[in-house]
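Remarks on the structure that follows.
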Amino acid sequence: MAEHKFGVSGSTILSDPELFEELFWQDIDQIEIGEFPDEAAFRRFLEITRSRQIPYGVHSPLLRSGSKYDLIQNVYMEPEEAWERLENEVRLLSRLGAKYVLVHFPYFKEEVTQTVNVNTLIENGLRRLHSLQEKYSIPFVCEPKLGLHRSPVGIEYLHHFPVEVWDKYGIKLCIDIGDYLMETGEHIFTYLTKWKKYIKMVHLHNVELQPNNYIWIPVHPTHENNGDRYKIKDLIHFLSSCEDVVFIFEHTPHSNPSKDFIQSGYQWVRELVKGNCS
49 MAEHKFGVSG STILSDPELF EELFWQDIDQ IEIGEFPDEA AFRRFLEITR SRQIPYGVHS
109 PLLRSGSKYD LIQNVYMEPE EAWERLENEV RLLSRLGAKY VLVHFPYFKE EVTQTVNVNT
169 LIENGLRRLH SLQEKYSIPF VCEPKLGLHR SPVGIEYLHH FPVEVWDKYG IKLCIDIGDY
229 LMETGEHIFT YLTKWKKYIK MVHLHNVELQ PNNYIWIPVH PTHENNGDRY KIKDLIHFLS
289 SCEDVVFIFE HTPHSNPSKD FIQSGYQWVR ELVKGNCS
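When you line the sequence shown up against the working numbering, it's residues 49 to 326, in that order.
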């Protein structure tokens with residue numbers, strides 16, 4: 049089994065070009081980033097990663113003007129336009145050395161009510177992702193997400209999707225532990241065990257629930273006992289039992305966490321993962 053790796057998400061700085069240097073944490077293995085404000089910012093990021101010799105993956109869309117949710121249903125644009133934009137991104141990123149492209153899939157903004165087979169919708173998307181993956185020789189990673197107003201249907205549809213069908217297309221999965229904990233709670237291991245073979249990336253953050261919203265906050269050992277946050281220690285142990293996983297730290301800056309708080313959570317997770325694999 050290859051050693052697990054650790055990465056930092058551009059979400060921690062909201063892909064701000066003035067803060068790119070803050071993504072290069074001590075002993076970090078890679079960066080995952082997307083939603084650059086413009087192409088010039090992306091080019092600047094490339095220069096820094098090349099000078100530091102740190103690999104990167106892209107969380108689609110590459111630019112903020114792109115499509116983030118539309119591969120199955122129209123959220124902000126028609127799916128065909130979203131697929132066209134995705135192929136344009138993949139063509140470019142394959143040439144520029146990205147390790148992978150991560151997409152929100154399957155993403156359903158709400159329950160499908162028309163007469164349509166949900167599994168067919170998902171498989172059609174997998175077939176197209178596989179085709180792009182083969183055409184441009186760059187891996188895709190699919191991240192199931194909550195829909196509008198925390199709709200759980202996308203995660204539920206994936207949970208009931210046949211593993212043997214997914215297996216045909218050679219696509220990896222990313223588990224966003226915030227979305228999954230909000231949807232599945234104490235049943236999370238039932239949901240994840242089914243897909244254990246395909247989990248290759250993990251988005252790490254805890255959740256601060258607000259009256260009409262929620263924000264991603266850094267993971268930290270103090271959350272295990274304070275009663276206000278999700279406990280994730282056992283979840284980290286489970287995920288580190290999967291093969292060849294990249295743990296991506298993906299909080300956002302909205303809670304104004306201190307650098308010491310962020311780094312102590314980072315070291316805590318590294319120790320949990322390394323300890324579980326030793």
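All C-beta atoms in this analysis are idealised placements derived from N, C-alpha and C, irrespective of residue type, glycine included.
For residue 57, the uninterrupted beta strand (DSSP E) segment begins and ends at 53-57. Counting every other CB atom within 10 Å of its CB across the protein chains shown gives residue 299 a total of 16 or more, marking it as buried.
In the DSSP assignment, residue 181 falls within the unbroken alpha helix (DSSP H) covering 166-184.
The Cβ atoms of residue 58 and residue 80 lie closer than 8 Å to each other. Unbroken alpha helix (DSSP H) stretches of 4 residues or longer found wholly inside the stretch 51-111: 87-100, given in chain order.
The continuous alpha helix (DSSP H) containing residue 137 extends over residues 127-143. Straight across, the Cα-Cα distance linking residue 245 with residue 291 is about 7 Å. In the three-state DSSP reduction, residue 197 falls in the helix class (H, G or I). Excluding the 5 residues flanking it on each side, residue 84 has same chain C-beta neighbours closer than 6 Å at 63, 90, 111, in chain order. Straight through space, the alpha carbons of residue 108 and residue 137 are spaced by roughly 8 Å. DSSP lists 53, 249 as the bridge partner or partners of residue 294. Taking all protein chains in view, the Cβ of residue 227 is crowded by 16 or more other Cβ atoms within 10 Å, so the residue is classified as buried.
For a cut-off of 8 Å, the C-beta gap from residue 303 to residue 265 is around 5 Å, short enough to register as a contact.
Separation of the CB atoms of residue 120 and residue 154 is rounded to 6 Å, and the pair is thereby assigned contact status at 8 Å. For residue 254, DSSP records a beta bridge to 265. Taking each of 262, 287, 77, 301 in turn and checking the Cα distance to residue 243, the smallest one comes out for 287. Taking a 10 Å sphere around the C-beta of residue 224, we find 16 or more other C-beta atoms and assign the residue as buried.
If you ignore the 5 residues before and after residue 151, its C-beta comes within less than 8 Å of the C-beta of 108, 119, 134, 177, 188, 189, 190, 191, all in its own chain and listed in chain order. No Cβ-Cβ contact shorter than 8 Å links residue 317 with residue 229.
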